[in-house]
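Protein sequences, first through last, are from chains A and P. Following the numbering used here from start to finish, the first sequence increments by one per residue and tops out at 322. Following the numbering used here from start to finish, the second sequence increments by one per residue and tops out at 294. For glycine and all other residues, C-beta sits at the position ideal for the given N, C-alpha and C. Notes to accompany the following structure.
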Amino acid sequence: MLQLIIQRCLLSLATVFIVTVITFSLVRVIPGDPAVQLLGESYSEQQAEVIHERLGLNEPYVSQYLKWIGGLVRGDLGTSLLPNRQPIGPQIVDRMEPTLLLMALTIIFSVGIGIPIGVIAALRQDTPIDYALRSFSILGLSVPGFYLATQVLGILAKEWHWIPPIGWVSVSESPFEAGRRLWMPALILSLATGAQIMRMARSMMLEVMRQDYIRTAWAKGLSERKVIVGHALRNAMMPVLTIIGLSMAFLIGGTVIFESLFGLPGMGMYMINSVIARDYVAVQSITVVFALGVVGINLLIDISYLMLDPRLRQR
Amino acid sequence: MAAGRRSPLLRNIRKFIRTQPLGTVCAILILVLIVLAIIGPAIAPYDPAAPEFDRLQGPGGTNFFGTDELGRDIFSRTLYGARVSIAVGFGATIIATSLACLIGVVSGYFGGWVDGLIQRLVDGVMAFPVLVLLMALVVIAGSGLTQLIVILGLIGSAGTSRVVRSAVLVVREQQYVEAARSVGVPTPRILLLHILPNCFAPIMVSATVGLGGFILAEAALSFLGVGINDPAHPTWGQMLNRAQRFVNVAPLQALWPGMAIAVAVFSFNMLGDALRDVLDPRLRGSR
């Protein structure tokens, strides 16, 4: 067991290494010069040289990489390219709360919507209910969340003169105010992830319902409730955890969009502002933090798999 | 190909239409979209970039879909937007799928440390949220149409390569592959003529669903204002971005590009689903 966990951790460490190498290479391998993007059309060689110097782009790659990784480990993510030259690490930490809360609430909503609907669709397989729920889920996957949010905001503003509360209030100050800012974006965002979870829950449920132990459970006369909740659901839920892990990356993309739509000052908003300002040091740092977060969450999910499923432990 | 009465292609298409009505509707929608994208400039009533009309008009009269905040014809702009979406979708899919075939076949067929190394790389790429990686790359490479297609294709290849690899793992154990190997067929020939064609079904499904994803990604990026920004080349995401600011006065304005994105993505998703049902009987009824 411990050995398996250590093995998983080492594998994740390898992924972390690749992630940092990719992030590091972004600016150096891709054709295009960050200095040119920053300075625009009217740049001079001298100005570009100053920026190259500041970014350390003139040093050999290996020493650049080691320096960057060293900083990353210490939590030093460099300083912004903008005139204020703020350090990026603290900026990211300041903006984590809305992003993490939005993601957590979205996961709660999507599990709450996705699993019951998926189970119902599976239990009523190939009936009109099943088709309706499946089409609904495909619709949830297809209608872009940002379009839906635009329409909802538009209708709310027009009909009820409701606009989303502006600014952010920390949970430590007022959980109610924080919730008031989060529930709407989380609900709309959860339609897409909820649809994914629904599809997964449905297919897993269908698979489990055909297993021998379910037939046995029916045969020994257990109630429908006991068979479904006690036997089938418990076994069908494991892969749903994986889907949550897999949709992490997708979810982060969603929060980036929704933070800007609903005016939440999170990491996604920081990312967009940095992209627009061509502050590529900040972009690089936020990107690597997001990717490391995804790796970390997937590692946690893998480990909890090992803990929860006795079959995986027998080695 | 001779489309005679007994042509297997025609028979397969007939069967597809009979068993997958929703998939057929989606395939037709996609065909319409492609045709509109190609002949768009010929049938667009007005110049999509020219502010020639009253601003923020509702649908009707001279402008089917109304006009935007600068007085440009939304119908023409939506038509031109289809060109960008189709170009991005197909361009990125071609790049992603070709690259994914290469990566997946090599990784799956050779196995061992080659596979281990490649899979760690793929893990690494897939750890990045697509939209975030896309934005980071756009900062460096710029956000023109060509750059976007190449970037999306590169990012998308990671996921598809997984699909190809798992298909290759099954196919490489088949007897006909062993037979080819034992009579001394060179490896590249085995990969190209025996392995790849037999992985066609999952590759096709993955490409179809991926195409919708690429269209959505471009729309999201342009919606955020960091994608294709050139006002002379309207895209659906860009139109939505502008419409959102005037949603109080002209709520219908967002409807057209939004519906266009939704219909396109929905069609590709559903067609992918239908193809999966037809091509992979094992999964029938248990999606």
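Around the C-beta of residue i, are 16 or more other C-beta atoms found within 10 angstroms, so that it is buried, or is it exposed?
{"i": "Phe183 of chain A", "result": "exposed"}
{"i": "Leu9 of chain A", "result": "exposed"}
{"i": "Gly237 of chain A", "result": "exposed"}
{"i": "Leu290 of chain P", "result": "Per-residue confidence for Leu290 of chain P stands at a pLDDT of 48, beneath the threshold of 50, marking its modelled position as unreliable; the derived number appears in the next sentence. With fewer than 16 other Cβ atoms within 10 Å, it is exposed."}
{"i": "Met216 of chain A", "result": "buried"}
{"i": "Thr153 of chain P", "result": "exposed"}
{"i": "Ser281 of chain A", "result": "buried"}
{"i": "Val69 of chain A", "result": "exposed"}
{"i": "Gly292 of chain P", "result": "At Gly292 of chain P the pLDDT is 42, less than 50, meaning the model places this residue with poor confidence; the figure from the coordinates comes in the next sentence. Result: exposed."}
{"i": "Thr194 of chain P", "result": "exposed"}
{"i": "Gly11 of chain P", "result": "Any reading at Gly11 of chain P needs caution, since the residue's pLDDT is 49, under 50, leaving its predicted position unreliable; the model's value is listed next. So Gly11 of chain P counts as exposed."}
{"i": "Arg322 of chain A", "result": "With a pLDDT of only 49 at Arg322 of chain A, under the threshold of 50, the placement of this residue in the model should not be trusted; the figure read from the coordinates follows. The residue in question, Arg322 of chain A, is exposed, as its Cβ has fewer than 16 Cβ neighbours within 10 Å."}
{"i": "Ser181 of chain A", "result": "exposed"}
{"i": "Ala226 of chain A", "result": "exposed"}
{"i": "Gln14 of chain A", "result": "exposed"}
{"i": "Ser179 of chain A", "result": "exposed"}
{"i": "Gln93 of chain A", "result": "exposed"}
{"i": "Gln158 of chain A", "result": "buried"}
{"i": "Leu17 of chain A", "result": "exposed"}
{"i": "Trp169 of chain A", "result": "exposed"}
{"i": "Gly163 of chain P", "result": "buried"}
{"i": "Asn276 of chain P", "result": "buried"}
{"i": "Arg252 of chain P", "result": "exposed"}
{"i": "Arg188 of chain A", "result": "buried"}
{"i": "Leu196 of chain A", "result": "buried"}
{"i": "Met246 of chain P", "result": "buried"}
{"i": "Val3 of chain A", "result": "In the structure displayed, chain A extends from 8 to 322; residue 3 of chain A sits before or after that span and is not available."}
Kindly indicate the opening and closing residues of the alpha helix (DSSP H) around residue i.
{"i": "Gly47 of chain P", "result": "28-50"}
{"i": "Lys74 of chain A", "result": "68-81"}
{"i": "Lys165 of chain A", "result": "152-167"}
{"i": "Met133 of chain P", "result": "119-134"}
{"i": "Asp133 of chain A", "result": "Premise fails: Asp133 of chain A is in no alpha helix (DSSP H) and is neither H nor E."}
{"i": "Leu253 of chain A", "result": "245-269"}
{"i": "Glu180 of chain A", "result": "Glu180 of chain A -> no alpha helix (DSSP H), and no H or E assigned at all."}
{"i": "Ala186 of chain P", "result": "182-189"}
{"i": "Val282 of chain A", "result": "274-283"}
{"i": "Asp280 of chain P", "result": "262-286"}
{"i": "Ser150 of chain P", "result": "Ser150 of chain P -> no alpha helix (DSSP H), and no H or E assigned at all."}
{"i": "Arg222 of chain A", "result": "219-226"}
{"i": "Ser311 of chain A", "result": "287-315"}
{"i": "Ser213 of chain P", "result": "207-230"}
{"i": "Ile58 of chain A", "result": "52-62"}
Going by DSSP, which residues form a beta bridge with residue i?
{"i": "Thr74 of chain P", "result": "P:Asp80"}
{"i": "Pro94 of chain A", "result": "A:Thr86"}
At the level of alpha carbons, what is the spacing between residue i and residue j?
{"i": "Met245 of chain A", "j": "Val132 of chain P", "result": "25 Å"}
{"i": "Ser51 of chain A", "j": "Asp75 of chain P", "result": "39 Å"}
{"i": "Phe97 of chain P", "j": "Ala224 of chain P", "result": "13 Å"}
{"i": "Tyr116 of chain P", "j": "Thr104 of chain P", "result": "17 Å"}
{"i": "Ile115 of chain A", "j": "Thr249 of chain A", "result": "15 Å"}
{"i": "Met266 of chain P", "j": "Val57 of chain A", "result": "47 Å"}
{"i": "Gln203 of chain A", "j": "Gly217 of chain P", "result": "15 Å"}
{"i": "Tyr24 of chain P", "j": "Ser292 of chain A", "result": "The amino acid at residue 24 of chain P is misidentified as Tyr; the sequence shows Ile. Between Ile24 of chain P and Ser292 of chain A, the C-alpha separation is close to 50 Å."}
{"i": "Gly125 of chain A", "j": "Arg35 of chain A", "result": "45 Å"}
{"i": "Thr86 of chain A", "j": "Gln98 of chain A", "result": "10 Å"}
{"i": "Ile209 of chain A", "j": "Ser142 of chain A", "result": "The sequence given here has Arg at residue 209 of chain A, not Ile. The straight-line gap from Cα to Cα measures roughly 13 Å."}
{"i": "Ile310 of chain A", "j": "Leu253 of chain A", "result": "15 Å"}
{"i": "Ile304 of chain A", "j": "Ala256 of chain A", "result": "10 Å"}
{"i": "Gln27 of chain P", "j": "Gly279 of chain P", "result": "11 Å"}
{"i": "Met205 of chain A", "j": "Asn65 of chain A", "result": "51 Å"}
{"i": "Arg84 of chain P", "j": "Pro171 of chain A", "result": "30 Å"}
{"i": "Ile127 of chain A", "j": "Lys233 of chain A", "result": "15 Å"}
{"i": "Pro105 of chain A", "j": "Met191 of chain A", "result": "13 Å"}
{"i": "Val139 of chain P", "j": "Pro317 of chain A", "result": "37 Å"}
{"i": "Leu268 of chain A", "j": "Gly220 of chain P", "result": "21 Å"}
{"i": "Val146 of chain P", "j": "Ala243 of chain A", "result": "42 Å"}
{"i": "Ile20 of chain P", "j": "Ile41 of chain P", "result": "19 Å"}
{"i": "Val301 of chain A", "j": "Ile222 of chain P", "result": "24 Å"}
{"i": "Gly174 of chain A", "j": "Ile101 of chain P", "result": "43 Å"}
*asked:* At a CB distance below 7 Å, what residues from the stretch 246-276 of chain P approach chain A? Give them in sequence order.
replied: Leu247, Gln251, Val254, Asn255, Pro258, Ala261, Gly265, Ile268, Ala269, Val272, Phe273, Asn276
*Using Cβ-Cβ distances below 8 Å, what residues of the stretch 140-154 of chain P are close to chain D?*
No chain D is part of this structure, whose protein chains are labelled A and P.
_Contact residues within the stretch 115-135 of chain P, judged by C-beta distance below 8 Å to chain A_ = Arg127, Leu128, Asp130, Gly131, Val132, Met133, Ala134, Phe135
*Contact set between the stretch 158-188 of chain A and chain P, restricted to residues whose Cβ is under 8 Å from the partner*: Gln158, Leu160, Gly161, Ile162, Ala164, Lys165
*asked:* Give me the subset of the stretch 36-51 of chain P whose CB atoms are less than 8 Å from a CB atom of chain A, sorted by chain position.
replied: none
*the stretch 266-278 of chain A: which residues have C-beta closer than 9 Å to a C-beta of chain P, in chain order?*
Ser267, Leu268, Gly275, Met278
*Residues of the stretch 219-234 of chain P whose Cβ lies closer than 8 Å to any Cβ of chain A, in chain order*: Gly219, Leu223, Ala226, Ala227, Phe230, Leu231, Gly232, Val233
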